[in-house]
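Enquirer:
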Amino acid sequence: MGLVTGGIYFTGTLYWIARVMVMYGGLQIWVALLVNVALIAYLALFPGAFAVILRYVVQVAGVEALLAAPLIWVTTELGRTYLLTGFPWVLLGYSQTRVLPIAQLASLIGVFGLSMLVAAVNSALAIAVVGRFRPRWVAPAAAVAIVLLVAVWGRQRMARGELTREGEAVSVGLVQGNVDQGEKWDAVRAGTIFREYLGLTERAVHSGAQMVLWPESSTPFYFEEDPGSADQVRALARRAKVPILLGSDQIEHASPRKYYNAAFLVEADGSTGGVYRKMHLVPFGEYVPLKRLLFFISPLVEAVSDFSAGEQVTLVPVGSHRLSVAICYEIVYPALVRDFVADGSEMLTTITNDAWFGRTSAPYQHFEQASMRAIEEGRYLVRSANTGISGIVDPYGRILAESAIFERTVVVGQARFLSSTTFYARHGDILAYAAAVATVALLAVAWRTRRTMNRYRVVAIDN
């Protein structure tokens, strides 16, 4: 049942991967479906493990042990975040991203804490149906009381809104070029694409932007390898007197040569203020794990650029402030974004190219998950996406500005540089790790209890 549940859930949320591999990886449809199914089957192992562990504990301790479900569920989500490089896409807690009073809980215990809350409510409902103790309404009533308490506290936190009045305000311009993935590296289109980005940047500046963001890999050239084109960006920054953060691949001329998915900060004087190299690469997108074993996806191996991962957290300066850059799906890793804030990031930025996803649910999933980082860290989040969704999210998860997908546009809005931190930013996923420890302890106790019960049963039979 756990595997079936996981299979249904991940089929409904990750169905779009096959499309990406067919359109941009050069795979035949049946091979792409096979890879998609394999990923879904792997991810389904985690709900499967949850079901097996919970059943074992319930068999030993009785049906009331369903109360342990939230601990076990969060433990499996934590495992999914880190095992085999991790893929923490659409965790259960993200279901509350737009239920903002409830989502404020993430500022204390993160998205894993929200997952635990959702699992706890459902555990209480299950106990009301199958539990043995009376009255049965106690567990769901307690769950409702907790949810109401969280909602009231969350609404009050949003109403106070201290973080919207702290720090220095800045007007941010987000450039959404809407460049088709198939045209991105077309030499015939390169000049036109670049001119469009320059034009959209000028439009953002004329609308009052004091800082401009371009999406991931937005330049149709290597920024450091094409001085002529790079000089045009530098000249625009000097002329407009605004810093420009842009995504472009970077080459390290070593032996062997290395390629990085990077973000460059061009300061208002035209100089390069900082470079961030992407640390969490996308499997099958930026590198192919187990190439020899996965010989049947050779077209994808040939189509995927073999990038190297950045090795350290790097913040980029904007005036007297520092901001962080998460490239593409790095933003779904809570611990990585927390490292940025711990290192001194005063604003979260994320640049991405979601053209791969097409008109599926994926761009919306990606934006929702990015928004959760703003609540967790107590930071404004600004996001520039090639085909959308680009937007600005305040530290309470409220969307201040947002674009539609697949439109060429500019989004301009206000954000703030903040220095105060949330409880979650200071302490991280302590609740999730405590849940993992508790799950191991529960298994150990259940195993010893069952062993003791079996020993007594054998003695009774002998007697």
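If you number the sequence shown the way our numbering does, the last residue is 464 and the count never jumps. The beta-carbon is built from N, C-alpha and C at its ideal position, and this holds for glycine as well.
Can you tell which of G49, E197, V61 has the C-alpha that lies nearest to the C-alpha of L410?
Expert: Reading the sequence shown from its first residue, position 409 is the one you call residue 410. Strictly speaking, residue 410 in this sequence is Thr, with Leu absent from that position. The shortest Cα separation from T410 among G49, E197, V61 belongs to E197.
Enquirer: Quick one: what's I352 bridged to in DSSP?
Expert: For the purposes of this step, residue 352 is identified with residue 351 of the sequence shown, where counting begins at 1. Looking at the DSSP assignment, I352 forms a beta bridge with I328, S385.
Enquirer: Report the rounded CA-to-CA distance for E65 versus S362, giving the unit in angstroms.
Expert: The residue given as residue 65 occupies position 64 in the sequence shown. The residue given as residue 362 occupies position 361 in the sequence shown. Roughly 37 Å separates the two Cα atoms.
Enquirer: Quick one: Cα of S218 to Cα of T353, how far?
Expert: Working through the sequence shown from its first residue, we reach residue 218 at position 217. Working through the sequence shown from its first residue, we reach residue 353 at position 352. Their backbone Cα atoms lie some 8 Å apart in a straight line.
Enquirer: What residues are listed by DSSP as bridge partners for E253?
Expert: Walking along the sequence shown from the start, residue 253 turns up at place 252. The partner list for E253 (beta bridge, DSSP) reads K259.
Enquirer: Going by beta-carbon coordinates alone, are L337 and L324 separated by less than 9 Å?
Expert: Sequence index remark: in the sequence shown, residue 337 carries index 336 (1-based). Sequence index remark: in the sequence shown, residue 324 carries index 323 (1-based). No; because the gap between Cβ atoms is not below 9 Å, this pair is not in contact.
Enquirer: In angstroms with no decimal places, state the Cα-to-Cα distance between V32 and G271.
Expert: Numbered from 1 along the sequence shown, position 31 holds the residue referred to as residue 32. Numbered from 1 along the sequence shown, position 270 holds the residue referred to as residue 271. Approximately 47 Å, taken between the alpha carbons.
Enquirer: Using beta carbons (cut-off 9 Å, strictly below), is L266 in contact with chain D?
Expert: As a matter of chain content, chain D is missing from the structure shown, which is built from one protein chain.
Enquirer: Would you mind reading off the limits of the beta strand (DSSP E) that contains F418?
Expert: Residue 418 sits at position 417 when you count from the first residue of the sequence shown. 410-418 is the span of the beta strand (DSSP E), which, as asked, contains F418.
Enquirer: Taking the alpha carbon of L214 as the point to measure from, which residue in D250, A264, A125 has its own alpha carbon closest?
Expert: Taking the sequence shown and counting its residues from 1, the one referred to as residue 214 is at position 213. With distances taken between Cα atoms, L214 lies closest to A264.
Enquirer: Would DSSP call V213 helix, strand or coil?
Expert: Your numbering for residue 213 matches position 212 in the sequence shown. DSSP places V213 in strand when its eight states are reduced to three.
Enquirer: Could you please give the first and the last residue of the uninterrupted beta strand (DSSP E) stretch that includes R278?
Expert: The count along the sequence shown starts at 1 and reaches residue 278 at position 277. R278 -> beta strand (DSSP E) spans 273-278.
Enquirer: Beta-carbon separation of Q251 and E225 under 9 Å?
Expert: Within the sequence shown, numbered from 1, the residue matching residue 251 stands at position 250. Within the sequence shown, numbered from 1, the residue matching residue 225 stands at position 224. A contact, by the Cβ cut-off of 9 Å.
Enquirer: Can you tell me whether P102 is helix, strand or coil according to DSSP?
Expert: Walking along the sequence shown from the start, residue 102 turns up at place 101. Helix at P102.
Enquirer: Which same chain residues end up closer than 6 Å to G1 when comparing Cβ atoms and leaving out the 5 residues on each side of it in sequence?
Expert: The chain is shown only over 2 to 464; residue 1 falls outside these bounds and no answer can be derived.
Enquirer: With contact counted as at least three CB pairs below 8 Å, one residue from each stretch, are the stretch 125-139 and the stretch 107-115 in contact?
Expert: Taking 8 Å as the limit for Cβ pairs, the verdict is that the stretch 107-115 does not touch the stretch 125-139.
Enquirer: Measure the alpha-carbon distance for V91 versus P244 and round it to whole angstroms.
Expert: Reading the sequence shown from its first residue, position 90 is the one you call residue 91. Reading the sequence shown from its first residue, position 243 is the one you call residue 244. Going from the Cα of V91 to the Cα of P244 covers about 33 Å.
Enquirer: How would you call Q211, buried or exposed, if buried means at least 16 neighbouring beta carbons within 10 angstroms?
Expert: As a position in the sequence shown, residue 211 is number 210, starting the count at 1. Buried: at least 16 other Cβ atoms inside 10 Å.
Enquirer: Give me the DSSP bridge partner(s) of P1.
Expert: Absent from the structure is residue 1, since the part of the chain shown begins at 2 and ends at 464.
Enquirer: Whole angstroms is fine: what's the gap from A419's alpha carbon to E347's?
Expert: In the sequence shown, counting from the first residue as 1, residue 419 sits at position 418. In the sequence shown, counting from the first residue as 1, residue 347 sits at position 346. Ala is not the amino acid found at residue 419; the sequence shown has Leu there. In a straight line, the C-alpha of L419 is about 5 Å away from that of E347.
Enquirer: What residue range is occupied by the uninterrupted beta strand (DSSP E) comprising L401?
Expert: For the purposes of this step, residue 401 is identified with residue 400 of the sequence shown, where counting begins at 1. Run containing L401: 400-403, per the beta strand (DSSP E) assignment.
Enquirer: Please tell me whether R399 and T350 are closer than 9 Å, where the distance is taken between their beta carbons.
Expert: As a working mapping, residue 399 is identified with position 398 in the sequence shown. As a working mapping, residue 350 is identified with position 349 in the sequence shown. No; because the gap between Cβ atoms is not below 9 Å, this pair is not in contact.
Enquirer: Can you tell me where the beta strand (DSSP E) with Q157 in it begins and where it stops?
Expert: As a first step, residue 157 must be located in the sequence shown, where it is residue number 156. Taken as a continuous stretch (DSSP letters only), Q157 belongs to no beta strand (DSSP E), being part of the alpha helix (DSSP H) at 139-161.
Enquirer: At the level of alpha carbons, what is the spacing between A144 and V151?
Expert: One-based indexing of the sequence shown puts residue 144 at position 143. One-based indexing of the sequence shown puts residue 151 at position 150. Approximately 11 Å between the Cα atoms of the pair.
Enquirer: Between the C-alpha atoms of H322 and A205, what's the straight-line distance to the nearest angstrom?
Expert: In the sequence shown, counting from the first residue as 1, residue 322 sits at position 321. In the sequence shown, counting from the first residue as 1, residue 205 sits at position 204. Approximately 21 Å between the Cα atoms of the pair.
Enquirer: Let me know if W74 comes out buried or exposed under the rule of 16 or more other beta-carbons within 10 Å of its beta-carbon.
Expert: Mapped onto the sequence shown, residue 74 falls at position 73. By the neighbour-count rule (16 or more Cβ atoms within 10 Å), W74 is buried.
Enquirer: Ends of the beta strand (DSSP E) at S172?
Expert: Looking up residue 172 in the sequence shown gives position 171. Per DSSP, S172 belongs to the beta strand (DSSP E) from 169-177.
Enquirer: How would you call E253, buried or exposed, if buried means at least 16 neighbouring beta carbons within 10 angstroms?
Expert: On the sequence shown, position 252 is the one that residue 253 refers to. E253 comes out exposed.
Enquirer: Please confirm whether Y397 and A371 have their CB atoms less than 9 Å apart.
Expert: Locating residue 397 in the sequence shown gives position 396, counting from the first residue. Locating residue 371 in the sequence shown gives position 370, counting from the first residue. No.
Enquirer: Give me whichever residues DSSP pairs with L247 in a beta bridge.
Expert: Translated into the one-based positions of the sequence shown, residue 247 becomes position 246. Note: L247 sits in a beta bridge opposite F265.
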